[in-house]
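Please read the structure below before turning to the comments.
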Ligand SMILES: [Zn+2]
Ligand SMILES: [Zn+2]
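Residue numbers (this note's numbering): 1154 to 1437.
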């Protein structure tokens, strides 16, 4: 008889290195932005009202970003602490030999987290933990607001970049933006110019990556699929767009994007799920 739940790693804690690296990168972006705004060409010229709106937007984005990061990291999507013993008799249940436990449908074992995750979507390498039933909402909101913040930072760095562009040839600038490390190591740019190009590159690439991730997960959200189910063409849990949104984000799915702490309790428990067949039976 397996245990009702099992912690995956020796101490049950997820790996911290990816999170530390992501935090260091975020700190580097923040420092570079501060440097450019304080010592560089400064922010783009705006009137007092536009400046106030821009500050309000930045505060809104930062609060949402940090709030969703906190919620994502605090929510444990795994089977730890979930009483599963005696429930593993229904369709779709399986036995996980690593966790030594019966695990419910849509869950999956993560070799990095070393534990089964309820409604497992994928393992997020940037934050070093899995995305599952309990942290899907902050993950999606994080994608949205990270894309917004990175775009905003790119715009704020724009005047510094254009000043650099005016001082150098287009070829030099293209090389700096495409191969900043090579330009630094060959002594063709100063450390400050390298830092500006590197941070702008990573902000634009990060915004594009987050935007693409948001589009992909938006599609999954409307279809009621996880990434794993999408890869295998499974549509067993597609209840229709509106019900799929409620199942993943709760009844206030339209508003959760605006504030991370807005209450919108998930209707399920991450163990049992309504299927397309159940809805068909109810309707007929
Ligand atoms: Zn497992
Ligand atoms: Zn994982």
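Each residue gets a CB set at the ideal place from its N, CA and C atoms; glycine is no exception.
Predicted, not measured: the structure shown is a model, and the values here were computed from it.
Between residue i and residue j, which are expected to be in contact by the criterion C-beta below 8 angstroms, what is the C-beta distance as a whole number of angstroms?
i, j, result
"residue 1349", "residue 1313", "6 angstroms"
"residue 1272", "residue 1423", "6 angstroms"
"residue 1232", "residue 1252", "7 angstroms"
"residue 1400", "residue 1366", "Not confirmed; about 20 angstroms, so no contact."
"residue 1181", "residue 1352", "7 angstroms"
"residue 1191", "residue 1310", "Between residue 1310 and residue 1191 the Cβ distance is about 13 angstroms, and since that is not below 8 angstroms, they are no contact."
"residue 1177", "residue 1298", "Not really, about 20 angstroms apart at Cβ, beyond 8 angstroms."
"residue 1274", "residue 1380", "5 angstroms"
"residue 1243", "residue 1414", "Going by Cβ atoms, the distance from residue 1243 to residue 1414 rounds to 34 angstroms, so no, they are not a contact pair."
For residue i, which beta-bridge partners are listed by DSSP?
i, result
"residue 1255", "1248"
"residue 1277", "1282"
"residue 1261", "1270"
"residue 1231", "1270"
Leaving out five residues before and five after residue i in sequence, what residues of the same chain have Cβ atoms less than 7 angstroms from its Cβ?
i, result
"residue 1225", "1280, 1288, 1291, 1292, 1295"
"residue 1306", "1182, 1186, 1356"
"residue 1214", "1298, 1301, 1302, 1305"
"residue 1261", "1269, 1270, 1273, 1381"
"residue 1363", "1296, 1299, 1300, 1303"
"residue 1431", "none"
"residue 1383", "1373"
"residue 1173", "none"
"residue 1171", "1278, 1279, 1280, 1281"
Report the option in the options whose CA atom is closest to the CA atom of residue i.
i, options, result
"residue 1346", "1374, 1185, 1369, 1297", "1185"
"residue 1374", "1406, 1355, 1414, 1344", "1406"
"residue 1427", "1378, 1172, 1384, 1265", "1378"
"residue 1360", "1317, 1411, 1308", "1308"
"residue 1440", "1283, 1339, 1257", "Examination of residue 1440 is not possible in this model, given that the chain is present from 1154 through 1437 alone."
"residue 1234", "1383, 1254, 1430", "1254"
"residue 1387", "1429, 1257, 1332", "1429"
"residue 1412", "1216, 1172, 1209", "1216"
"residue 1331", "1340, 1315, 1203, 1358", "1358"
"residue 1425", "1325, 1338, 1257", "1257"
Given residue i, which residues of its chain have a CB within under 6 angstroms of its CB, disregarding the five upstream and five downstream residues?
i, result
"residue 1376", "1391"
"residue 1096", "This structure cannot speak to residue 1096, because the chain is shown only from 1154 to 1437."
"residue 1265", "1276"
In chain order, what residues of the same chain have a beta carbon less than 8 angstroms from the beta carbon of residue i, not counting five sequence neighbours either side?
i, result
"residue 1163", "Confidence at residue 1163 is low in this model, with a pLDDT of 48, below 50, so the placement of that residue is unreliable and no value is reported for it."
"residue 1321", "1329"
"residue 1417", "1290, 1402, 1403, 1404, 1405, 1406, 1408, 1409"
"residue 1333", "1342, 1347, 1350, 1351, 1354"
"residue 1389", "1382, 1428, 1429, 1430"
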